[in-house]
Each structure stands twice: as C-alpha cells, then as structure tokens.
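Which chain is which? The protein sequence lines are A and B, in order. Per our numbering, the very first residue in the first sequence carries number 5; after that it's consecutive. Per our numbering, the very first residue in the second sequence carries number 5; after that it's consecutive. Notes to accompany the following structure.
Number of protein chains: 2
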Amino acid sequence: MKPKRDAVDRVAQICSALRRAIIERALSPGDKLPEDQLGESFGVSRTIARQALGQLAAEGLVNLRRNRIAVVATPTVEEAHDTFEIRIALEALVADCLAAAISPEQIAELRRHIADQAAADPVSPSASIRLATDFHVLLAGMTGRPILERYVTEVAYRSGLALSAYGRPHSNDCAIEEHRQIVDALEKGDAAAAAAAMTGHLSAVADRAMIRAPERPPRDLAAILAPFVAG
Amino acid sequence: MKPKRDAVDRVAQICSALRRAIIERALSPGDKLPEDQLGESFGVSRTIARQALGQLAAEGLVNLRRNRIAVVATPTVEEAHDTFEIRIALEALVADCLAAAISPEQIAELRRHIADQAAADPVSPSASIRLATDFHVLLAGMTGRPILERYVTEVAYRSGLALSAYGRPHSNDCAIEEHRQIVDALEKGDAAAAAAAMTGHLSAVADRAMIRAPERPPRDLAAILAPFVAG
DNA sequence: CCCAAGTTTTTTGCATGCACTTTTCACCAC
DNA sequence: GTGGTGAAAAGTGCATGCAAAAAACTTGGG
Chain A
5 MKPKRDAVDR VAQICSALRR AIIERALSPG DKLPEDQLGE SFGVSRTIAR
55 QALGQLAAEG LVNLRRNRIA VVATPTVEEA HDTFEIRIAL EALVADCLAA
105 AISPEQIAEL RRHIADQAAA DPVSPSASIR LATDFHVLLA GMTGRPILER
155 YVTEVAYRSG LALSAYGRPH SNDCAIEEHR QIVDALEKGD AAAAAAAMTG
205 HLSAVADRAM IRAPERPPRD LAAILAPFVA G
Chain B
5 MKPKRDAVDR VAQICSALRR AIIERALSPG DKLPEDQLGE SFGVSRTIAR
55 QALGQLAAEG LVNLRRNRIA VVATPTVEEA HDTFEIRIAL EALVADCLAA
105 AISPEQIAEL RRHIADQAAA DPVSPSASIR LATDFHVLLA GMTGRPILER
155 YVTEVAYRSG LALSAYGRPH SNDCAIEEHR QIVDALEKGD AAAAAAAMTG
205 HLSAVADRAM IRAPERPPRD LAAILAPFVA G
C-alpha cells in the first residue's frame, strides 16, 4: 500500500505542518528554515520545500530575504497590534453571522471542543494553544463562508506567532471561560452579545500577552520537526 | 546597465503582472495559464512561473488542480458576496483609522488620484478599473499598517475578479463621486461619516454589479451565430 | 588573545530533464 | 456521419545539477 503520497498537495502538507509547529511554539520567531533540511524532514526535494516557504512568507509566518536562509517571522509590535485589530473585526463578523444561523449540533460540537481544551495537559501547553486557535477556526468554518474562514484562519495563525514573540507563556483557563461565554451568547442567538464577547475575548488575549520580551535557546530543527512530519 | 534582473523577486513580479491583467480584465475567469507559456512570456523557467501560480492560487485569483492547466479563478456568487462583506469590514477600519490621522498632503494625493481617474479614457475601461482599485489600495497604504494594507489589497483584487465574473461592463463616474465623498469626510476628520461613505460606496459597487444572475440564461446557438453567418 | 583577509563549506536561485497524466487527434469499424 | 480506440502531443509534478551568494572556518599578523 502506497502511503498515498500525493493524495493532497505536498506543498500544502508542509505548510500545514509548519503552521502547526509555529503556533505550538515548537518553532520560534527567528528560527532558521533551510530548504534542504526542510526537504529532508518531509521527504521532498528543495523545490517543494521552497514553494512551501513561499506560501508561508505570503501568509506572514516566514521571512524570506534573497540568498538568505528563510526564518520564522518576527512580527514587530505594530504588526502584532495590527493583526489583532484585523482579527477582531473579522471574528466579530463571524460572531454576528453565527448568532443568526447556528444549529444545536454546532453548539454541541463547540462545547465538546471546549471540553477537550479544558482537559488538555496544562504542563505542556502546545496542545492547549493549538486547541485555543482551533476553536476560532472551527467557529469560522461554521459560517459556511470559505473566504471568511480563510482570512480568519490566516490571521489567527499570525496572532499565534505574535503571541509567541511577545506573549507570556500562555494562560489557558481564562481563555476557556471566555470561549464558553461566546458559545452561550451564540446559543441564545444574541448577535450583539456574541460579538461583544468575541471582541472582548480577543482584546483580552492581546492585552494579557503583549508585555514580555522573549529569549531563545538554540535547537535542532530536525528534532523539532519530527513530530510534525507525519501530519 | 542591466535591466535590474533580480532587483525584485521575479516571482513577485510575475504575480503583480498577472494580478493587474486580471483586474483589468485582460484575463477573464476560466482563462488558461500554462506554465511554459507564462515562463516564456516573462523570460523565466517553468519553476518560477509555477511558484507565481501557487501564490496567486493562495490569493484566490487562480485555480490549481492536480495535473491540470492553471486557470483564472471563477468565484462563486457566495464567494463574491463573502468577499465584499469582508472588504467592507476591512475598509471601514481603514476609514476609521485615517479619519483620525490623515495629513493634508495625503488628502492632496488622494484628490490628485481621483482627478487622474476622472481623466481616464472611458472607452477603454482597463485604466479606470485599475485606478479605481488603486484608490482603495492607496488609502490602505496611508494607514501605515502593513498587514491591513496587505489584506485590503488582496480582497480588493479578489473583488475585481468577482466583478469581472458577475459585474456589468464597469461604470466609472458614480464611483468617482463616491470616492470624492470619502475623501471629503476624511478631510473633515469625521470618522463616522468616512466609514459610512466607505461602506456605502462598497455596498453600492457590489449592488450595482451583482444584480445580474450568475448563471447564464440558456441561449439559442443559431440566433447567436446568425450575425456571423453572412461574413 | 583578538581581529582581519582569504579560503572552504553551506545554502540559495534557477533552469533543465525525466516520469507520468491529461488532452488531442488520427484512424477504423459500424 | 458516429462513436470508440490507441498513439502522439502537450502539460504538469518533481528531483537534480550548476552557478553564485552568503556563512563558516582557517590562518597569519599584531
């Protein structure tokens, strides 16, 4: 049985893996991403790795400079604030859209997701960070509006990177309670309350985070990427 | 002096050229974009053309299917509406941001741009379409917020493609008057009026365009061909 | 020990070649 | 003519090779 190699586009696979690695903070801003190491990790040639880097650069997750090794992007503080403001505008749209049309099944799915998040191991925060981001992506997907979902997803990953650069270690429980409030408002069909809960939540995340400056120990790229290759 | 060969990334150059061609309607939804023809046109290899197509696909301007020739994207009606709603939210942000901080020089630049647009040849609409889009990009750039500028630009090009798919031939003069109103409100520093003018303008553009049914009415081949038979 | 200049190694930028898939077309039976 | 079939053409998917730039390392002088 072939490992259905090219079932999905390999470039897209590498992009997803790297995005996950970035928001889970396995990769930090400034980490180098040499094309051949990337290719080796994922079992592809540099050509493919290079295309993936190009996509991620367009999404703002990677910095490319001519003849230089690609690095995980280091957003400026201004960019971080900008990202959050755009994110608030877009996710307010999501909340507004969903309050009118969300189904009980979707509410149940959201609550299940929040339960998963609450059950995540608080010691190794990577899972809970990912789940927190996925909650927003899940909401965006429920709108059934693919473009909106796309932009919300992109800006959510960008936010994750900004938090990785400027945030404190990630505090989970408060976010969970705020997620619950959003779902509650959606369940009542109260668009204004849902949008308010959403903007309040995102503002709080931004405020809680944007304080500290980071430090970085050196690390081994192949070892970092190993868990993500399978995806 | 060399024609500054690799001054800017060649992939980015090809992307810009194709984006312009698309919003100027030199390329229409469904038009084929074979890699080697593209490469020949721009004097690069397929490798580079391919990367450019990947970028444009990520921006929603091109459709890529495995082993198939790339084509200019054909947005669905839902996508078109979605695009405009997102655009309205983002450009309202722009208006709000600029009303507080715009300089007299910037106002002058905007008025100059509107004058250029008014002077554009109404017979060949490509220039006026491009200038109308550029007005919004120019506004976004004046915020000094690169991420916001990036998303507004992207969504503006997407809108252009949607209009190319569903819009009527492009009516210019009304847009110019609406652009003037936006600048007037910005000059007064009236954020609410500016945002209202902007959302009104974009809604009007969408409404003016999206009236026509996306599906083509069934046509009588003989009737269509009749004028050509005599030839 | 520290630093500068030269040299080797690493890494990117890009074109090209080969395998494979899709499309087109010629051909033939009906 | 019509429809089907197999070969040729066109096109994509991807790895690889080579040139050039950047980074790392060596060496010699102070």
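Built from N, CA and C at the ideal position, the CB exists for glycine as well.
| Check | Outcome |
| --- | --- |
| Exposure label - Val239/B; buried when at least 16 CB within 10 Å | Since the first and last residues shown for chain B are 5 and 235, residue 239/B lies out of range. |
| Proximal residues of chain B, C-beta to C-beta of Thr87/A below 8 angstroms | Ile151 |
| First through last residue of the alpha helix (DSSP H) which encompasses Val76/B | Val76/B -> not in any alpha helix (DSSP H); beta strand (DSSP E) instead, spanning Ala74 to Val76. |
| Alpha helix (DSSP H) runs contained entirely in the region 37 to 61 of chain B, provided each spans 4 or more residues | 39 to 46 |
| Below-8 angstroms beta-carbon distance, Ala93/B vs any chain A residue | yes |
| Gln17/A classed as buried or exposed, judged by whether at least 16 other C-beta atoms fall within 10 angstroms | buried |
| Listed by chain order, chain B residues near Ala104/A by CB distance under 9 angstroms | Chain B residues near Ala104/A: none, gap ~13 angstroms exceeds 9 angstroms. |
| Under the three-state DSSP convention, the category Val236/B falls into | A query on residue 236/B cannot be resolved here, the shown segment of chain B reaching from 5 to 235 and no further. |
| Residues of its chain near Phe232/A, where Cβ-Cβ distance is below 8 angstroms and the 5 sequence neighbours each way are ignored | Ala21, Leu22, Arg24, Ala25 and Ala30 |
| Per-residue burial, Leu108/A [other beta carbons within 10 Å of its own, 16 or more giving buried] | The question names Leu, but residue 108/A is Pro in the sequence shown. Per the 10 Å Cβ criterion, exposed. |
| Close-in-space but distant-in-sequence residues of the same chain around Ala124/B (CB under 8 angstroms, 5 per side omitted) | Ala131, Ser132, Leu135 and Asn176 |
| Within 9 angstroms of chain B by C-beta, residues of the region 154 to 169 of chain A in sequence order | Arg154, Tyr155, Glu158, Val159 and Arg162 |
| Min CB distance Ile90/B to chain A below 8 angstroms | yes |
| Proximal chain B residues relative to Leu57/A, where beta-carbon distance stays under 7 angstroms | Going along chain B, no residue has its Cβ under 7 angstroms from Leu57/A, so there is no contact; the nearest lies around 10 angstroms. |
| Chain A residues whose Cβ lies nearer than 8 angstroms to that of Val15/B | Gly58 |
| Nearest candidate by alpha-carbon position, reference Gln185/A, set Ser32/A, Thr203/A and Thr87/A | Thr203/A |
| 8 angstroms Cβ cutoff, Arg24/B in contact with chain A | no |
| Glu63/B versus Val76/B, Gly47/B and Arg70/B, residue with shortest Cα-Cα distance | Val76/B |
| 8 angstroms Cβ cutoff, Leu229/A in contact with chain B | no |
| CB contact below 8 angstroms: Leu65/A versus chain B | no |
| Chain A contact residues for Glu83/B, given Cβ-Cβ distances below 7 angstroms | Pro150 and Ile151 |
| Cβ-Cβ separation, Thr147/A to Leu94/A (assumed contact under 8 angstroms), whole Å | Actually they do not touch by this definition, with Cβ atoms about 11 angstroms apart. |
| CB contact check: Leu206/A to chain B, cutoff 8 angstroms | no |
| Helix, strand or coil at Thr147/B according to DSSP, with G and I counted as helix | coil |
| Residue-level contact to chain B via CB, Leu97/A, 8 angstroms cutoff | yes |
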